[in-house]
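S.K.: Heads up, the sequence shown is in our numbering, so the first residue is 491 and it goes up one at a time.
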Amino acid sequence: LTAVAFSLIPISAELGLVVLILLIFLLNLFKQAARGPVVALMPDIIPGDYRSEANGVINTMGGIAAIVGTVGLARLMDVTIPVPG
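#1: With DSSP collapsed to three states, give me the class of Pro-572.
#2: Could you spell out the range, first to last residue, of the alpha helix (DSSP H) harbouring Asp-534?
#3: If you draw a straight line from the C-alpha of Ala-538 to the C-alpha of Met-532, how long is it?
#4: Can you tell which of Ala-530, Phe-496, Arg-565 has the C-alpha that lies nearest to the C-alpha of Phe-515?
#5: Quick one: using the 10 Å Cβ neighbour count with 16 as the cut-off for buried, is Leu-563 buried or exposed?
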């Protein structure tokens, strides 16, 4: 769902500012709905000695995903779509 919402950002900008804001809200909701259970399950799956490293891996992967998403969105900025305003 997160990927679908992310891919609809350029289209929503064409439909209006309110639609864009609602879509970004849904995008963040979907992202956090997926991340919460993953982070909560980590202590149940990982042995105690490796929890610190596992937490670092989870946070690093989240950071990498944010960078990849930003770069992907930057490529979409070349698309000419009128933004209301």
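Each residue gets a CB set at the ideal place from its N, CA and C atoms; glycine is no exception. Just so you know, these numbers come straight off a predicted model, no measurement behind them.
M.R.: By the coordinates alone:
#1: The sequence position of residue 572 within the sequence shown is 82, counting from 1. In this structure, Pro-572 counts as coil in the three-state DSSP scheme.
#2: Residue mapping note: residue 534 aligns to position 44 of the sequence shown, counting from 1. Unbroken alpha helix (DSSP H) run through Asp-534: 507 to 535.
#3: The residue given as residue 538 occupies position 48 in the sequence shown. The residue given as residue 532 occupies position 42 in the sequence shown. Looking at the sequence shown, residue 538 is not Ala but Gly. Cα to Cα, Gly-538 sits roughly 10 Å from Met-532.
#4: Locating residue 515 in the sequence shown gives position 25, where the first residue counts as 1. It is Phe-496 whose Cα lies nearest to the Cα of Phe-515.
#5: Counted from its first residue, the sequence shown places residue 563 at position 73. Exposed is the call here.
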